[in-house]
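Q: Structure incoming, see below.
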């Protein structure tokens, strides 16, 4: 594997996958601790109708309207879930199930009804993304990294996900203390004057932004896996939130890199000819990491819980 | 067109799909109720996504054995096995690690689904393009439904309903009070597993019609909808089955009536419409009923406060109070009480005084606990007791000018 081959074909999908994984894993830490892990699942389902509506309104496949549509759909879904939960006095899980399946169904229906045959917009793409196709054609080798002309040809998903990651990191760093407080002891946080409701909504919106930006590049399946698996595995490694976040980043990067490499080259090693889905493989690797953590992680059991056979 | 569809006049395939979807809806609605009452609705999401690797592996295996690979029964068996493994992983994660159930659900869902997608791409590269049938399991596909598929779905649905009938009592008990069930000696864990097994059966049966992503909706939405209409668990089960069947039937009919109306999403949307209607209109738990209740309450508070103000000769500034008093014929537009208004006001003031008396009297403790500022005192005291109170209060007193 030389630079001439690696840089144009694998570098940018690898980077995009890794950045997306980290961007989702960071808010995922708080979602898992707040028992809102499935918000990520719900968001990634409702992104589809958002994108379809954005396409129908603008008539073109372009990035910003679609991201706006997806983010709008995510916020709408969160509001609907909250409204149904309160108005109908239904437990949050069921409210979530009602909302995201219905919105997803609406998205599929809209997609079937509208004439999208000429454009690249379908359910499969939404589910598994197209990580492998995000190649950097202008690159010729490692030297291209310093070549402005070639850098301009980078797939636009890369800067986008990088900006999203920076935004997510900033959110996490700036609101670290209030986030931590309100995650572990919401009542106490409120007595300190922290607007916990607003903060909770901000967290969900951040997660939605991370989901939408990653979704665009890697499909919803990685998004869900990265929201949950690395933070959950990290949770089994340590009792400190700082360490947990670090672990989750390490796990996310490991899953992304190993998943991508295995998907691209694993079948070749086994004598096959074609690569398998990188998105699916990354999700699978994150699952393996979680399985190992669940079996051997130092903090895997509930503190004080009796050991069960 | 829709009428033709609803009357099963659109040909063999459409009728087959409609019957299958109805049965599936009934089975899913009734089964989903227990899941919903157990507050584990989203476990179905994990189960349904976990079917994908099984479908793919079954396909690969059947092709490797020289078969066609698209035998529905074989694919469904594979999906059931992998869904069961997913369930066991879920249960293991919840019981043996500190992860909460939602994180475990999300982990199982995404990892199994991701692995399934890896297998799908493996199948794609196996050549021969035969995987086309498999992707339809994501969103369901009824276009090419065969008689044998319908038989599989019908038998599966009927078997699920029969098991449900047998297990309904222990499952209800576990759903409402697992500790009590355990104390009664019921094997709670195994009953939970049985419940999940039924959910899995419905999921597997529904793969063909609505697909694995949307089957969750059929399990959750009818149950939630039915819950609005009744407080009795057996009726919720029946009603959820009925609503699910209706959604399945209507959805299949509507989707057959025009092109580009995929069956699964239409069924889900029909059931969502039923849900939204129930959320708004159901008596008791519905939004409209709650709003009406609130308005009635508001009216009572305003009338009461208005009458007390009239009795004490205060001016009424609150426009709503004034409007209500006027409409009831108790006050004139300028806020002066009519004769009837004066009478009612005097009664209201007296009642307030009576309440004051009993609330400071230990003997009336039980009655006084019912005080909420609105309750008519006649509903908590006997006429004798009221006469007694009035004697203590004494007759009318002159108003100090």
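Chains as they are written, first to last, in the UniProt record's numbering: chain A, 1 to 309; chain B, 1 to 401.
A virtual CB, placed ideally from N, CA and C, is assigned to each residue, including glycine.
These numbers come from a predicted model, not from an experiment.
Closest Cβ-Cβ distance between residue 177 of chain B and chain A: below 7 angstroms?
A: For this step, residue 177 of chain B is matched to residue 177 along the second chain. No, residue 177 of chain B lies away from the interface with chain A (no Cβ there is under 7 angstroms from its Cβ).
Q: Any idea what DSSP makes of residue 28 of chain B, helix, strand or coil?
A: Against the second chain, residue 28 of chain B aligns to sequence position 28. Correct three-state label for residue 28 of chain B: helix.
Q: Pull up the DSSP beta-bridge partners for residue 337 of chain B, would you.
A: In the second chain, the residue the question calls residue 337 of chain B occupies position 337. B:331, per the DSSP bridge assignment.
Q: Take residue 178 of chain A as the anchor and find which of A:194, A:165, A:164 and A:171 has the nearest alpha-carbon.
A: Translated into positions along the first chain, residue 178 of chain A becomes position 178. Checked all of A:194, A:165, A:164 and A:171; the closest Cα to residue 178 of chain A is A:194.
Q: Using CA coordinates, which residue listed in B:322, B:168, B:26 and B:155 is at the minimum distance from residue 306 of chain B?
A: One-based indexing of the second chain puts residue 306 of chain B at position 306. The residue with the shortest Cα to Cα distance from residue 306 of chain B is B:322.
Q: Please return the same chain residues whose Cβ sits closer than 8 angstroms to the Cβ of residue 368 of chain B, not counting the five positions on each side in sequence.
A: Within the second chain, the letter at position 368 stands for residue 368 of chain B. Excluding positions up to five away in sequence, the list reads 355, 358, 359 and 361.
Q: Secondary structure at residue 371 of chain B, three-state DSSP: helix, strand or coil?
A: Taking the second chain and counting its residues from 1, the one referred to as residue 371 of chain B is at position 371. Note: residue 371 of chain B maps to coil in three-state DSSP.
Q: Once the 5 residues before and after residue 262 of chain B are set aside, which same chain residues still bring their CB inside 7 angstroms of it?
A: Numbered from 1 along the second chain, position 262 holds the residue referred to as residue 262 of chain B. The residues are 139 and 255.
Q: Please tell me whether residue 112 of chain A has its Cβ less than 7 angstroms away from any Cβ of chain B.
A: In the first chain, counting from the first residue as 1, residue 112 of chain A sits at position 112. With 7 angstroms as the cut-off, residue 112 of chain A counts as an interface residue toward chain B.
Q: Relative to the alpha-carbon of residue 146 of chain B, which residue among B:71, B:393, B:218 and B:62 has its alpha-carbon at the smallest distance?
A: Position 146 of the second chain, counted from the first residue, corresponds to residue 146 of chain B. Of the listed residues, the one whose Cα sits closest to residue 146 of chain B is B:71.
Q: Can you give the Cα-Cα distance for residue 112 of chain B and residue 294 of chain A, rounded to whole angstroms?
A: For the purposes of this step, residue 112 of chain B is taken as residue 112 along the second chain, with counting starting at 1. For the purposes of this step, residue 294 of chain A is taken as residue 294 along the first chain, with counting starting at 1. Taking the straight line from one Cα to the other gives about 16 angstroms.
Q: With distances taken from CA atoms, which of B:79, B:38, B:336 and B:109 is nearest residue 134 of chain B?
A: Numbered from 1 along the second chain, position 134 holds the residue referred to as residue 134 of chain B. Closest option to residue 134 of chain B, Cα to Cα, is B:79.
Q: Taking the beta carbon of residue 285 of chain A as the centre, do at least 16 other beta carbons fall within 10 Å, making it buried, or is it exposed?
A: Position 285 of the first chain, counted from the first residue, corresponds to residue 285 of chain A. That one is buried.
Q: What do you reckon, are the CB atoms on residue 20 of chain A and residue 217 of chain A nearer than 7 angstroms?
A: Within the first chain, the letter at position 20 stands for residue 20 of chain A. Within the first chain, the letter at position 217 stands for residue 217 of chain A. Going by beta carbons, residue 20 of chain A and residue 217 of chain A fall inside the 7 angstroms limit.
Q: Taking residue 105 of chain B as the query, report the chain A residues whose CB atoms sit under 7 angstroms from its CB, ordered along the chain.
A: Position 105 of the second chain, counting from 1, holds the residue named residue 105 of chain B. Within chain A, the residues near residue 105 of chain B are 38.
Q: Closer than 6 angstroms by C-beta to residue 264 of chain A: which residues in its own chain qualify, once you throw out the five before and the five after it? Chain order, please.
A: The residue given as residue 264 of chain A occupies position 264 in the first chain. Same-chain partners within the cutoff: 275.
Q: Note down, in chain order, all residues in the region 268-281 of chain A with a beta-carbon under 8 angstroms from any beta-carbon belonging to chain B.
A: 272, 273, 274, 275, 276, 277, 279, 280 and 281
Q: Roughly how many angstroms lie between the CA atoms of residue 96 of chain A and residue 63 of chain B, to the nearest whole one?
A: What you label residue 96 of chain A is simply residue 96 of the first chain in a count that begins at 1. What you label residue 63 of chain B is simply residue 63 of the second chain in a count that begins at 1. When rounded, the distance between both Cα atoms is 39 angstroms.
Q: Counting only runs that start and end within the region 234-296 of chain B, where is the alpha helix (DSSP H) found for 4 or more residues in a row?
A: 263-281
Q: With a threshold of 7 angstroms between beta-carbons, can residue 214 of chain B be considered close to chain A, or not?
A: Here residue 214 of chain B is taken as the residue at index 214 of the second chain, counted from 1. Judged by the 7 angstroms Cβ criterion, residue 214 of chain B is in contact with chain A.
Q: Should the region 296-316 of chain B be called in touch with the region 267-282 of chain B, which here means at least 3 C-beta pairs below 8 angstroms?
A: no
Q: So residue 67 of chain A contacts chain B; which residues on that side make the cut at Cβ distance below 7 angstroms?
A: Your numbering for residue 67 of chain A matches position 67 in the first chain. Within chain B, no residue comes near residue 67 of chain A; the closest Cβ sits about 22 angstroms away, beyond 7 angstroms.
Q: Using 7 angstroms as the limit for Cβ to Cβ distance, is residue 88 of chain A near chain B?
A: Translated into positions along the first chain, residue 88 of chain A becomes position 88. Output row for residue 88 of chain A: interface = yes.
Q: Between residue 230 of chain B and chain A, is the shortest Cβ-Cβ distance under 7 angstroms, so that the two count as touching?
A: For the purposes of this step, residue 230 of chain B is taken as the residue at position 230 of the second chain. It does not; no Cβ of chain A falls within 7 angstroms.
Q: Are there 16 or more other CB atoms within 10 angstroms of the CB of residue 277 of chain B, so buried, or fewer, so exposed?
A: As a working note, residue 277 of chain B is residue 277 in the second chain. The residue is exposed, with fewer than 16 neighbouring Cβ atoms inside 10 Å.
Q: If the cut is a Cβ gap below 7 angstroms, which residues of chain B does residue 229 of chain A touch?
A: Numbered from 1 along the first chain, position 229 holds the residue referred to as residue 229 of chain A. Residues of chain B with a Cβ closer than 7 angstroms to the Cβ of residue 229 of chain A are, in chain order, 107, 110 and 111.
Q: Helix, strand or coil: how does DSSP classify residue 155 of chain A here?
A: To locate residue 155 of chain A, count along the first chain from 1; it is residue 155. The answer is coil: DSSP assigns residue 155 of chain A none of H, G, I, E or B.
Q: According to DSSP, is residue 216 of chain A part of a helix, a strand, or is it coil?
A: The residue you call residue 216 of chain A lines up with position 216 of the first chain. Reduced to three states, the DSSP call for residue 216 of chain A is helix.
Q: Closer than 9 angstroms between beta carbons: that is the criterion. Which residues of the region 285-301 of chain B meet it against chain A?
A: 285, 286, 287 and 290
Q: Hey, does residue 33 of chain B have any beta-carbon neighbour from chain A nearer than 7 angstroms?
A: Position 33 of the second chain, counted from the start, is the residue given in the question as residue 33 of chain B. Output row for residue 33 of chain B: interface = no.
Q: Given this structure, state the Cα-to-Cα distance separating residue 84 of chain A from residue 94 of chain A, to the nearest angstrom.
A: Taking the first chain and counting its residues from 1, the one referred to as residue 84 of chain A is at position 84. Taking the first chain and counting its residues from 1, the one referred to as residue 94 of chain A is at position 94. Approximately 10 angstroms between the Cα atoms of the pair.
Q: Can you tell me which of A:278, A:266, A:270 and A:244 puts its alpha carbon nearest to the alpha carbon of residue 220 of chain A?
A: Here the question's residue 220 of chain A lines up with position 220 in the first chain. Put simply, of A:278, A:266, A:270 and A:244 the residue whose alpha carbon is nearest the alpha carbon of residue 220 of chain A is A:278.
Q: Does any residue of chain B have a CB that is nearer than 7 angstroms to the CB of residue 91 of chain A?
A: Here the question's residue 91 of chain A lines up with position 91 in the first chain. By this cut-off, residue 91 of chain A is an interface position.
Q: Please report whether the beta-carbon of residue 381 of chain B lies at a distance below 7 angstroms from any beta-carbon of chain A.
A: Looking up residue 381 of chain B in the second chain gives position 381. Answer no: the Cβ-Cβ gap between residue 381 of chain B and chain A never drops below 7 angstroms.
Q: Give me the Cα-Cα distance between residue 298 of chain B and residue 291 of chain A, rounded to the nearest whole angstrom.
A: In the second chain, counting from the first residue as 1, residue 298 of chain B sits at position 298. In the first chain, counting from the first residue as 1, residue 291 of chain A sits at position 291. Distance between the alpha carbons of residue 298 of chain B and residue 291 of chain A is about 56 angstroms.
Q: Looking only at its chain, what residues have a beta carbon closer than 6 angstroms to the beta carbon of residue 225 of chain B, apart from the 5 residues adjacent to it on each side?
A: Position 225 of the second chain, counted from the first residue, corresponds to residue 225 of chain B. Excluding residues within five positions, the ones whose Cβ falls inside 6 angstroms are 243, 274, 275 and 278.
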